[in-house]
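As structure tokens, the structure follows; a few thoughts come after it.
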Amino acid sequence: MCSLQLHALYTALYDISPGRSCPSDLPFGSTMLPAIRRLRSMCNQEDAPLLHIAMRAATPNPYLDLVLAFNFCACSTNLNLPPSLASSFEPLFPCLSCCMFSIRVITITCASGLLQKAKAELSNITNSSSSHRKPPPIPHKPSYFPGRQHTHLRGMDQDQPSTIQDATALDILRYRYHHGTNLGSIYVLERWLFPSRFPENAGGTSELEAVKAWVDKIGIDATKVKFEEAWENALSDADIGWLKNEAKCTTVRLPIGYYDLPGPEFILDTPFEPYAYIYSAAWPNICTLISRLRAHSIGVLLDIHALPGGANTHEHSGTNSGVAQFFSSQSNRDIGVRCCEFIAREARDGLNIVGLQVVNEAGWESDRIYDWYDECIAAMSTIDASIPVVISDAWNLNRALDYSMSKNSAYPSVPTCPVVVDTHFYWAFSDSDKEKTPQQIFAEVATKLDQLDVKEGSVIARGAAQAIVGEYSNVLSEESWAKGDSTLRQDLVGRFGAYQSRRYQQRAGGAFFWTWKMDWMPGGEWGFQAQASPDPSTGIRAISPPVHSLHPSRDMFKLLERAQYCKDERMYSAVAQHVSYWDHINSNQPSEHWRYENGWKVGYQDAYQFFEGKLPEAMPQGNKIGNLELWVMKRIRESGFRGGSVWEYEQGLRSGVRDFNHVVGI
Numbered sequence: 001m002c003s004l005q006l007h008a009l010y011t012a013l014y015d016i017s018p019g020r021s022c023p024s025d026l027p028f029g030s031t032m033l034p035a036i037r038r039l040r041s042m043c044n045q046e047d048a049p050l051l052h053i054a055m056r057a058a059t060p061n062p063y064l065d066l067v068l069a070f071n072f073c074a075c076s077t078n079l080n081l082p083p084s085l086a087s088s089f090e091p092l093f094p095c096l097s098c099c100m101f102s103i104r105v106i107t108i109t110c111a112s113g114l115l116q117k118a119k120a121e122l123s124n125i126t127n128s129s130s131s132h133r134k135p136p137p138i139p140h141k142p143s144y145f146p147g148r149q150h151t152h153l154r155g156m157d158q159d160q161p162s163t164i165q166d167a168t169a170l171d172i173l174r175y176r177y178h179h180g181t182n183l184g185s186i187y188v189l190e191r192w193l194f195p196s197r198f199p200e201n202a203g204g205t206s207e208l209e210a211v212k213a214w215v216d217k218i219g220i221d222a223t224k225v226k227f228e229e230a231w232e233n234a235l236s237d238a239d240i241g242w243l244k245n246e247a248k249c250t251t252v253r254l255p256i257g258y259y260d261l262p263g264p265e266f267i268l269d270t271p272f273e274p275y276a277y278i279y280s281a282a283w284p285n286i287c288t289l290i291s292r293l294r295a296h297s298i299g300v301l302l303d304i305h306a307l308p309g310g311a312n313t314h315e316h317s318g319t320n321s322g323v324a325q326f327f328s329s330q331s332n333r334d335i336g337v338r339c340c341e342f343i344a345r346e347a348r349d350g351l352n353i354v355g356l357q358v359v360n361e362a363g364w365e366s367d368r369i370y371d372w373y374d375e376c377i378a379a380m381s382t383i384d385a386s387i388p389v390v391i392s393d394a395w396n397l398n399r400a401l402d403y404s405m406s407k408n409s410a411y412p413s414v415p416t417c418p419v420v421v422d423t424h425f426y427w428a429f430s431d432s433d434k435e436k437t438p439q440q441i442f443a444e445v446a447t448k449l450d451q452l453d454v455k456e457g458s459v460i461a462r463g464a465a466q467a468i469v470g471e472y473s474n475v476l477s478e479e480s481w482a483k484g485d486s487t488l489r490q491d492l493v494g495r496f497g498a499y500q501s502r503r504y505q506q507r508a509g510g511a512f513f514w515t516w517k518m519d520w521m522p523g524g525e526w527g528f529q530a531q532a533s534p535d536p537s538t539g540i541r542a543i544s545p546p547v548h549s550l551h552p553s554r555d556m557f558k559l560l561e562r563a564q565y566c567k568d569e570r571m572y573s574a575v576a577q578h579v580s581y582w583d584h585i586n587s588n589q590p591s592e593h594w595r596y597e598n599g600w601k602v603g604y605q606d607a608y609q610f611f612e613g614k615l616p617e618a619m620p621q622g623n624k625i626g627n628l629e630l631w632v633m634k635r636i637r638e639s640g641f642r643g644g645s646v647w648e649y650e651q652g653l654r655s656g657v658r659d660f661n662h663v664v665g666i
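For the sequence shown, full-length UniProt numbering assigns the number 1 to the initial residue and increments by one for each residue that follows.
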């Protein structure tokens, strides 16, 4: 009879007949919680789980904490209800008799009337079901999303239809925290990493010098075969297995050159034009590699590392010219835009990439760099506005973040790709860094990305600020290592990696070690394989994966079950605090607290779905929303919400994500 009695009380509270669905999005939490306060404080800690278990055995409806509130009111002598009326509700929860309640007075007259109505409803249901013991149908569980509202609430006049859907496997691929590495010098050669890819008589150290030297030595056909074999054998299945299972990588940053794209329009009037034939199979090989990695749940951030003319003066721009002429040449800039358009079309048509980095390590204050970013973002947005665009900070992170925030507004005039800022951290090259001790450098690590502190947190007010660390290493200069006192260098390397891992996982949307593949594996302090593998003597990794990736698969079901169990309690607590605070601060101003509750539900469910994964689509469990600022922006755009109170939705969404992460310990 417990389920009958619970359902009767539910029916009375919400004035619906048995079997009729409750309106799916009525914000009972935000409108009634100011009256009932926090329900959990009403019972002893050891009894609360029993009460929740009893409720869930009767019906899964998330609003039954309200039923519990009125039920304990009925059993309380403080209400001075007739003993016969109060006792009629005691069988609902046998454990109530052993509960010690710290009771606050809660709309006593309202409770009394509702309980009378519940008693009458209970009598009707009991009489109608005398011939069988099956309970009446249970109302449907309310929707988590704001797109199907059946009630007009304050502030809805300006709202647009919602387009929010469940997080997809591609969403998770793009917006989870990216723990990964750069692939290495495969499609953009650097001689110090792969000397074997250069003939001995090569005059330079770049991709262009390698291909020229091989053609001069063995001819164009043999050079084509040599390059294709190198691409084909760059990663074995065992390599990918290690990347996924041992290093716990989610994402690889894959440097490519403009000359790797198919078609003469990408290399016309460039130094690589004479060698187009050699690179004709490069793009199909890149696509195959992306598919192989994706089949093992690893995403790929495509990085146009080499652009015509060079975005910087170094060999990794593709040539040894020593000058950076990409931004100053209109023809080069046009090729760069065409490269972005081509890859955007490939992504739209099914190439599952995490995003596209349009340039690598642009020189400091490069001429018209942000004008070119405007061109690329506009061109890609017209093709597929869902693709994350990664820009180089050009060694000025603060300026790049401000630019990205102007693009990442909650309400763009036209659909616009989300923009991420890539920044790189090295401490081995400048004279000033060489003067520092390892301990001084470790202290600096903790300050990196602090520009985000005043930029994150309000997409509505400022736009979204999202950064990744596209390159970092555990390398210091020999001068710095020598200043490490008596500490063993191996210990210092481990501490350096631990400090960097911790900081970037706290403040960035992802971090990519430089680098993985090279001739001299495992690579020492430059090598991801060396730094991400456990130390033979201590078992500790210098570069450690985030904690959310380390949960054993056997624990996932329990964690997800716990998240479901705690959801309602967490929501009511969060909404109660929000309502109490803002009603106190703005007591004379109208509020739209229902938006906060709505956002909380979306955020909690999103975080749940990221953590749950999409196993049939090669998306494993244990993911965390790492690019949170961009995800919040995405959900605000999709919500359709308008007006001056949408900030409540945003803060609720953030709170929902945060509460889920706390429940599962990530």
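All C-beta atoms in this analysis are idealised placements derived from N, C-alpha and C, irrespective of residue type, glycine included.
Judged by DSSP secondary structure, Asn623 falls outside any beta strand (DSSP E); it is assigned neither H nor E.
Pairing Thr313 with Ser206 gives a Cβ-Cβ distance that is not under 7 Å. Taking C-beta separations shorter than 7 Å and ignoring five residues to either side along the sequence, the partners of Arg462 in its chain run Met405, Lys455, following chain order. Residue pairing by DSSP puts His179 in a beta bridge opposite Ala511.
With the rule of 3 Cβ pairs closer than 8 Å, the stretch 614-630 counts as touching the stretch 544-555. Burial state of Met619 is buried, judged by a 10 Å Cβ sphere holding 16 or more other Cβ atoms.
Per the coordinates, the alpha-carbon of Glu592 lies some 13 Å from the alpha-carbon of Asp159. Within the stretch 385-433, the runs of beta strand (DSSP E) that reach at least 3 residues and sit entirely inside it are, in chain order, 389-392, 419-427.
With a cut-off of 8 Å on Cβ pairs, the stretch 412-427 is in contact with the stretch 393-400, counting three or more such pairs. Here DSSP, grouped into helix, strand and coil, assigns Pro616 to helix. The beta carbon of Asp659 sits closer than 7 Å to those of Arg570, Ala574, Tyr604, all from its chain and outside the five residues before and after it, given in chain order. Residue burial annotation: Gln466 is buried, with at least 16 other C-beta atoms found within 10 angstroms of its C-beta. Taking the C-beta atoms as reference points, Trp600 is found nearer than 7 Å to Gly656. Cβ contact annotation for Pro255 (same chain, cutoff 6 Å, sequence separation greater than five): Val188, Asp303, His305, in chain order. Excluding its 5 nearest sequence neighbours in each direction, Trp364 has C-beta neighbours in its own chain below 8 Å: Ala394, Trp395, Asn396, listed in chain order. Ile468 has Asp422 as its beta-bridge partners, per DSSP. For His178, the number of other beta carbons within 10 angstroms of its own is at least 16, and it is reported as buried. Proximity to Phe610 across Arg154, Thr163, Ser331, Tyr175 peaks at Tyr175, based on C-alpha coordinates. Taking the Cα positions, Thr168 is about 22 Å away from Ile468.
Straight across, the Cα-Cα distance linking Leu261 with Ser185 is about 17 Å. By the Cβ neighbour-count rule, Met521 is exposed, with fewer than 16 other Cβ atoms within 10 Å of its own. Every beta strand (DSSP E) stretch that sits fully inside the stretch 225-267 and reaches 3 residues is listed by chain position as 251-257. Pairwise C-beta distances place the stretch 410-420 in contact with the stretch 376-385, as three or more of them are shorter than 8 Å. Around the beta-carbon of Thr515, 16 or more other beta-carbon atoms lie within 10 Å, marking it buried. Annotation for Cys340: Leu356, Val358, Cys376, Ala379, Met380 place their beta carbon closer than 7 Å to its own, counting only its chain and skipping 5 residues before and after. Of the candidates Gln651, Tyr426, Ile286, Ile286 places its Cα closest to the Cα of Ile343. The count of Cβ pairs closer than 8 Å, one atom from the stretch 436-444 and one from the stretch 481-497, reaches three, so the stretches are in contact. Contact check for Thr181 and Val252: beta-carbon distance about 6 Å, within the 8 Å limit, so the pair qualifies.
For Ile304, the secondary structure class from DSSP, reduced to helix, strand or coil, is strand. With fewer than 16 neighbouring CB atoms inside 10 Å of its own CB, Ser430 falls in the exposed class. Closest by C-alpha distance to Tyr649, out of Glu228, Asp519, Ile460, Tyr275, is Ile460. Within the model, the alpha-carbon separation for Leu208 versus Leu559 is close to 52 Å. Residue state for Gly497 is assigned as helix, using DSSP reduced to three classes. Out of Ser328, Arg191, Ser162, the CA that lies nearest to the CA of Asp519 is found in Arg191. In this structure the stretch 274-290 lies against the stretch 212-224, because at least three pairs of beta carbons, one per stretch, are closer than 8 Å.
Closest in alpha carbon position to Tyr279, among Ser291, Ala428, Tyr259, Thr270, is Tyr259.
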